[in-house]
Structure formats: C-alpha cells, structure tokens
Amino acid sequence: MASPTGSDRLLIGAVRHTAGLAAALLLCSVAGAACTLAVPAFAGRTLDLLLRHGPGAETWLVWTAALLAVEILAETGAVLLTQLANARATGWIRLRALGGLLGTAPHRAALHSGGDVAARLCVNATDSGTAPAALATSVSSVLMPIGALVALALIHPWTAVVFAAGLPLLLLLLRAFAVQSSDSVGRYQRAQGAIAARLAEALGGARTIAAADTARREEDRILAPLPELALHGTRMWLVHGRAVARSGVLLPLLTTAVVAVAGAGLAAGDVSVGELLAVSRYAALAAGIGGVAAPLGTLVRARSAGHRTAELAHLAPMSHGSAVLPPAGPGDLELRQVRVVRGGVPLISDVTLTVDGGSTVAVVGRSGAGKSTLAAVAGRLTDPDAGRVVLDGVDLADLTVAELRGATAYAFARPVFDGGATVTIGAALAAGTGPGRRPATAERVRAAATAVCADAFVRLLPQGYETPVDEAPLSGGEAQRLGLARAFVGHGRLMILDDATSSLDTATERQVERALAASPRPCTQLIVAHRASTAARADRVVWMEAGRVRRTGPHRELWEDPDYRAVFTAEAAMPATEADAATPRTDAEAPRTDAEAPRTDAEAPRADAVAPQADAATRRAEPVAPQAEAGAPRASAGAPVVDTSTPSAGTGACP
0 MASPTGSDRL LIGAVRHTAG LAAALLLCSV AGAACTLAVP AFAGRTLDLL LRHGPGAETW
60 LVWTAALLAV EILAETGAVL LTQLANARAT GWIRLRALGG LLGTAPHRAA LHSGGDVAAR
120 LCVNATDSGT APAALATSVS SVLMPIGALV ALALIHPWTA VVFAAGLPLL LLLLRAFAVQ
180 SSDSVGRYQR AQGAIAARLA EALGGARTIA AADTARREED RILAPLPELA LHGTRMWLVH
240 GRAVARSGVL LPLLTTAVVA VAGAGLAAGD VSVGELLAVS RYAALAAGIG GVAAPLGTLV
300 RARSAGHRTA ELAHLAPMSH GSAVLPPAGP GDLELRQVRV VRGGVPLISD VTLTVDGGST
360 VAVVGRSGAG KSTLAAVAGR LTDPDAGRVV LDGVDLADLT VAELRGATAY AFARPVFDGG
420 ATVTIGAALA AGTGPGRRPA TAERVRAAAT AVCADAFVRL LPQGYETPVD EAPLSGGEAQ
480 RLGLARAFVG HGRLMILDDA TSSLDTATER QVERALAASP RPCTQLIVAH RASTAARADR
540 VVWMEAGRVR RTGPHRELWE DPDYRAVFTA EAAMPATEAD AATPRTDAEA PRTDAEAPRT
600 DAEAPRADAV APQADAATRR AEPVAPQAEA GAPRASAGAP VVDTSTPSAG TGACP
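In numbering that gives the first Met the number 0, the protein residues as written are 0 to 654.
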C-alpha cells in the first residue's frame, strides 16, 4: 500500500510537470483577483466625483470599465488554463500509474483486479489531475479576501475589526469541512472502485453468465457495494450542505454588520457615499473566504484519489541491468536453487535445472504442480524469491529489458491482442519482435503464420492481415495459433510455450513442433505440456510435483513409472472445476507472460475469472480423449508415444 507521503509525491510531480501551465494560471488568477479588488475602489471614487460634479469623473469611469474588461479576460484565461492543466496532469499521473503497474512483477499487479485498475486509471487519476489547478486557484481564493480585509481597514478601520471578529468561526467551518470531507471522499472512491472491478469481471464472463442464466445474481453481486456508495455519497453532500448552510448564515451577518458600521460612519461624515459602496463590495469579497471551500474540496478529493493512483505508481518495479548476452549463444538455460513464494505459499521450491541449448524440454505435472510458475521464472516474467536463472552464462536479472525480451519468446493458452496498440492482425504479429526493435516485415509475419497453420484462416478474414484485431472473429484454437505466430516472429534463443497448444488438434500441434525443429536459428524450447504425445516428442521431460522437480529424463524412461503415467490420466479425468480450483495461481502468472507484449495479458486472468469452468472446458474441449493418448504407450511396454495422426514430416501440410 502506498503511504500518504507516496501519494503526495505523485501530486507534487504532477504540479512540477504542469509548472508552466500552473504558473500561467496563477498569474491569470492573481491578475483577476487584483482587478476584482481594484474595481470597488475605482467605482466608489467615480461615484463620489459624479455626485460632486468634480473633474476627472470620466477618466475614473474609463479606468473602472478597463479593469472590468481585464477581469473578464483573466477569468476566461483561467478557465482555459485550468482545463489544460487538468488534462496534462491527469495524463502524466495515468502514465506514472500505468508504468508502475506494467513495470512490476505479475504477482504484485495481480493484487489489483482489472475493474479496480480501470477505476484508478480513469476516475481516480482524473480527480488527482485537478490538484495543480486547484492549488493555483486556491492562492487567488485566499488573496482576494485578505486584500478585501486590507481595503476595509484603509477605508474605515472599524469595518475591518468587525469582520475580523467573525474570522475564527469561518476558519473553524473550513477546517471541519476539510476533515469530514476527506474521510467520506476516500470511502466513496473505494466503494466506487469495488463496483467497477466487479462490473469488469462480469463483462469478461458475459457468455458464461448468459449460458448459466445468472444475470440477476451477477447484478446483485456487482451492486452489493451500492449501499456503501450511497451512504458515503450522502455523507459527502451532507458535509457540503452543512458547510454551505452555516456559511450562508454567518457570511451575510458579517457583511450586514460591516455595512452597518460603514453606514454609521457615513452618518458621522467619516465615510463618503462612494466609500460606502466600496465597503459593501469589499465586505462581500472578504466574506468570500468561504469560497476557498471549493478549491479546498478539490484538493481533498485529489489527495484522496492520489492515494489510490499512487498505489499503482509505486508498485515495486522489476530491476534490470545493462548486460547483454554473448553473440550466437546456444541458449543454455540454468535454474539454480530457485524458490518462488506467493502469499506465504511456496509455488516452487529449490528447483535446480539445466536445459541444453537447442533442446526441447517438456514440463509436466498435475494441476498446481508449479509448471506455469517455472515457465514464468525461466523467461523472467517474475523474479524468484531465492536462487538465480541464467541464460548463456548471464543472470537474467542483469540483462536490459530489450536484450531479455529479444532473447525470449512466449506463447500462452489464452493470448491477448491489444487492438488499441496494434490495430490489425498483421501489426499485432509484427510486434512480436519485442521492444526497441522494428516490427517484422510482412513476409516474415506470413512465414510465421504459415508455420503454425494460421495463414489460411487469416487470409479468409474480411481484410486478411489488415483485418482489425477487434473485428476478427477468432476461435480459441485460432487465437492460440496467432499467439504462436507472434512468438515465432520474436523467435529468439529461448522459446517458452505455456500450454500454448491446448486448443490445437494433434496434427496442428505436430506441425508447430516441426516448424520449430526446422528453424535455421538454434532455439531452446521449454513447453508446459498436458499431452503425453507432446512429452514423448521432447528431448527431455521435467516432471514437477508439489513445486519440486520429482524426476527428469526421456519420456520413454519416465513412462515406466505408474505415478508419471497417472499425471496424464489425472489431467484427463479431473473435472474442469477441480482442475481450475487446484491451480489458483497458475493463471496469476499468465498476465505478463507475453514476451512481445508482456503486460497486455494483465487483465486476462481477471476478465475470465468469473468463468473458470468455461475456460477449463475450453482448454480441454479439443483433447477429449487424453486417456487414449496416455494409454497408448502401455500397450508397447514403455515405448514412447508415436504420433500416427500427423501428416508426413516431409509434407509439412496443415490440417
């Protein structure tokens, strides 16, 4: 959680970022306040001259009109500059909050749901962005009543004394308003964020809600915080209403008392008619100290919202070094005594593993064994709590971001393509080259799509590779193929497939493996596998159990162990609900497991969180008979699984 100091630092940074606009706004506000203060004196002097038919009345009248014109221009400029300062500060705060969210480890970002993040980046960031303008405006709001009080003292000292007697009550009103408003605003914003988070989850699982006919239940769940929102919203308005009511009684009394004293001075001959006019106006301006409540309330809301945006901006970042990998490295991967703990629960413990460059290693195990966590650590989508991960002799933590992401490529079970950042299918795949590098050429994109059997259905889309991402009707298997194609485009020395072929038929999966094997560049492959046939085609299998490596070796040797065979049988037999319940953190590692767009998937786990059964069913809908795959080797007494359903290796044909 961000401390109050952290939120203040964020707002101070926003003020510095908008220093030019804030300074111009302050200048306009002060100029407008100065003109407002000068107008009563000039108007009073003009009235006295006109009543006495004295010379120069016309000149004073012109000056009064000029001051009014300048006042109007200054106020107009202040309004425009306020909007510009708010927009610029809001954008800066959003970028800092988004940078903190994207720069941290996935497990830290996963603490904030998608809806909550949206509320913080939209509503709360907007409120925070009003701080610089409100700060500049509050200066002029304070200067005006102070200047009016000084003017009263100059015209008739007793009028200033009478008004000053009521100031303590006004200050008490402002203090009570600030304290009570701050608490209610903070609680209101938290309830607002909770509703937004639940709504985002429901929208992500809309199909499941419709299929299960649970719309009414979801409506009740989403609106559960509504009574709390109404309570604190009502409290906010009551606080504001009480402050307005009290000031509405106190300020007219003060103004009336000041005018009465000035009227007595007029009767005694100490105050002129023009000065009485000026005193009445200055009394109203001095009473305008209550107007400080408006910018003060804005600052209170901005600071309260700043707490929420600062929580994102100040998430602990993943550090990166300045090292680079040796050129033409084979892709040797080492995990040395790696340990990962989340929420006090060890996900993987003391894992030591060496993967030879250019080899293919399948990671298998029951749900919750730590497979996806191992995959996330291997490409440094998250940092281990202990141990090191080394690629070609260099610790991944020492690499630059560009070097790390250029050397690793990921593909996932549920790839996400950001239609806002990469508008078309072709652009989304071309972005797989990673940060700091030019997008891939159209030829390279088509070659990658062809390798994973995606080119055919992409060409059938309305505009082919130029089809907008948001308008492409993709099935689960087609989305996985595009995710694989994006990984192929970013083909580095290490490729990690985290259940990335679960929605593919066996023939297509085999085609993908042949494409990887035929790559002209050496590539180490780490594949999280659920099919026995996939494990059988790997050079080596890493068998995970309860976060530890139970055994490693060729699939042929491991198959002789009945517990190993049971891994695949259990995966096939386990109901979807049990499988998802057994892996509460597997998907938590998925948000940032996209090497090309490592943070794009951050929302995916939450969007699908309301429909775990549907997702699990989708994941296992295609391999409906994994028991048959797992059972096939039994007949051959430990022989590896032979894939008889794929085309000839020489044909390279897609199904």
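Note that CB positions come from ideal geometry on N, CA and C, so glycine has one too. Bear in mind the structure is a predicted one, so any value in this text is a computation, not a measurement.
Look at methionine 494 here: in three-state DSSP terms it is strand. Using a Cβ distance threshold of 8 Å, valine 362 and methionine 543 count as a contacting pair. Sixteen is the threshold: since fewer than 16 other Cβ atoms of the shown chains lie within 10 Å of the Cβ of valine 160, the residue is exposed. Phenylalanine 41 has its alpha-carbon roughly 10 Å from the corresponding atom of alanine 56. Close CB contacts of tryptophan 59 within its chain, under the 7 Å cut and outside five residues either way in sequence, are with Phe41, Arg44, Thr45 and Leu48 (chain order). In the DSSP secondary-structure assignment, glycine 364 is bridged to Met543. Within 10 angstroms of the beta-carbon of arginine 413 lie 16 or more other beta-carbons, which makes it buried. When DSSP reads this structure, alanine 410 sits in a beta bridge with Leu496. Every unbroken stretch of the alpha helix (DSSP H) spanning 4 or more residues and falling wholly within the stretch 236-298 is given here in chain order: 272-286. As far as DSSP is concerned, glycine 431 takes part in no beta bridge. Nearest Cα to alanine 531 within the set Gly330, Thr568 and Leu515: Thr568. Per DSSP, the unbroken beta strand (DSSP E) holding arginine 341 starts and ends at 332-341.
For the set Asp7, Thr432 and Ala427, the Cα lying nearest the Cα of proline 131 is the one of Asp7. If you check the CB distance, alanine 439 and threonine 432 come in under 8 Å. Taken through DSSP and simplified to helix, strand or coil, valine 354 comes out as strand.
Looking at Ala406, Pro383, Asp349 and Asp562, the one whose alpha-carbon comes closest to that of leucine 324 is Ala406. Remark: C-beta atoms of serine 183 and arginine 119 do not approach each other more closely than 8 Å.
Counting along the chain, alanine 130 sits inside the alpha helix (DSSP H) bounded by residues 130-154. Sorting Tyr281, Trp62, Leu253 and Pro294 by C-alpha distance to the C-alpha of threonine 81 places Pro294 at the top. In this structure, DSSP gives arginine 549 an extended state, which the three-state scheme calls strand. The criterion of a C-beta distance shorter than 8 Å is not satisfied by aspartate 115 and alanine 301.
Buried is the label assigned to arginine 379, since at least 16 other Cβ atoms lie within 10 Å of its Cβ. The secondary-structure analysis by DSSP pairs proline 316 across a beta bridge with Thr103.
A distance below 7 Å between beta-carbons, with the five flanking residues on each side excluded, links glycine 364 to the following residues of its chain, in chain order: Lys370, Trp542, Met543, Glu544 and Val566.
Counted as a single uninterrupted DSSP element, the beta strand (DSSP E) harbouring valine 388 occupies residues 385-390. Between leucine 249 and leucine 170, the C-beta gap is not smaller than 8 Å, which leaves the two residues out of contact.
A straight-line Cα-Cα distance of about 21 Å links serine 28 and alanine 277. Inclusion of leucine 100 and alanine 109 in the CB contact set at 8 Å is not warranted, their separation being larger than that value. Nearest to phenylalanine 487 by alpha-carbon distance, out of Ala261, Val511 and Leu172, is Val511. At the C-beta level, alanine 309 and leucine 97 stay beyond 8 Å of one another. If you draw a straight line from the Cα of leucine 134 to the Cα of threonine 17, it comes to about 12 Å. Spanning the alpha carbons of cysteine 121 and alanine 193 requires a straight line of approximately 14 Å. Using a 10 angstroms sphere on the CB of aspartate 219, the tally of other CB atoms stays under 16, which defines it as exposed. The beta carbon of aspartate 384 sits closer than 8 Å to the beta carbons of Arg338, Val339 and Val340 from its chain, once the five residues preceding and following it are set aside; these are given in chain order. In the three-state DSSP reduction, threonine 125 falls in the helix class (H, G or I).
For the pair leucine 496 and alanine 453, the CB atoms are not nearer than the 8 Å cut-off.
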